[in-house]
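Numbering (the working numbering), first residue to last: 890 to 1104. Read the structure below first, then the notes.
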Amino acid sequence: MPTPHEDFENLRVFRHPLIQLKLTQARDHRTPTLQFRRLLNEIAGLMTYEVSRQFPTREVEVVTPLEKTVGTALARPVTLVPILRAGIGMTDGILNVMSEARVGHIGIYRDEQSLKPVAYYAKYPPDIAEGPVLLIDPMLATGGSAIHAARELKKRGCRDIRLICLVCAPEGVRAMGEAHPDLLVYTAALDRQLNDRGYILPGLGDAGDRIFGTQ
Ligand code: PRP
Ligand code: URA
């Protein structure tokens, strides 16, 4: 299970060795696009195994080739909401272990000068508020993008929102805790700080560019 962070009530850090060794490989500047993408998806799948433990289930009847029995189904629909672009880089890994989930999208980029989020796209299942939402973005830096996305989801009635990211900065976790104290942030690492361009240190660079080979 991810452990609650001693300084941030809203933060859960995955210390599992498989997640940590894959994160280390993803941080390495020599890791090429194809491998970087694979690592992010593998980490996302491992995280989902634990995060989904808390999803409500219900009993359902199933008929085997031999007889009727009782099985398990999700009690409420789960929706993944990757923040475009980089959130896409973790989505397949989550769907690999939770194919039942639907996928909404929210497009947000950071203005390079102001570091403020600029939203440009949104599409969600109409009943998104009926169940848990996993907001997905590998990087929580200033927190502006994820805070904006959570606000948009709440406007649509969503109440059970969790953020899955790979690396976060203390500045972003603090800002998220102030803006959305009810939202838990799941991460593989809490890094040291932001640099003067809003990049996470030590971080892993620009996640979107590394996923899509656009650097
Ligand atoms: C990156 C990242 C987050 C955001 C984090 O996206 O994927 O969405 O920055 O920064 P913040 O916490 O300070 O808002 P970017 O703006 O580079 O867009 P991209 O995914 O389209 O490359
Ligand atoms: N976005 C990224 O992709 N990387 C960072 O370090 C900060 C924001």
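Here a beta-carbon is modelled for each residue, glycine too, at the ideal position from N, C-alpha and C.
Annotation: residue 1098 to residue 1086 spans about 16 Å, alpha carbon to alpha carbon. In this structure, the C-beta of residue 1076 stays at least 7 Å away from each heavy atom of ligand 1. By the Cβ-count criterion, residue 978 is buried, with 16 or more other Cβ atoms from all chains shown falling within 10 Å of its own Cβ. Non-local beta-carbon contacts of residue 904 in its own chain, meaning distances under 8 Å to residues more than five positions away in sequence, involve 891 and 892 in chain order.
Around the beta carbon of residue 1092, 16 or more other beta carbons lie within 10 angstroms, which makes this residue buried.
In this structure, the beta-carbon distance from residue 1025 to residue 980 falls below 8 Å. If you look at residue 1076, you'll find it in the beta strand (DSSP E) that goes 1073–1076. Between ligand 2 and residue 1028, a heavy atom-to-CB distance of less than 7 Å is present.
With a cutoff of 8 Å on beta-carbon distance, residue 986 and residue 1021 are scored as not near each other. Residue 1074 is a Cβ neighbour of residue 900, given a cutoff of 8 Å. In this structure, residue 1000 has its beta carbon at no less than 7 Å from each heavy atom of ligand 2.
Not one heavy atom of ligand 1 falls within 7 Å of the beta-carbon of residue 1003. DSSP, read as helix, strand or coil, puts residue 1038 in helix. Apart from sequence neighbours up to five positions away, the residues of its chain that approach residue 962 with a beta-carbon distance below 7 Å are 946, 947 and 949, ordered along the chain.
In chain order, 968 and 1014 place their CB closer than 6 Å to the CB of residue 991, counting only its own chain and leaving out the 5 sequence neighbours on each side.
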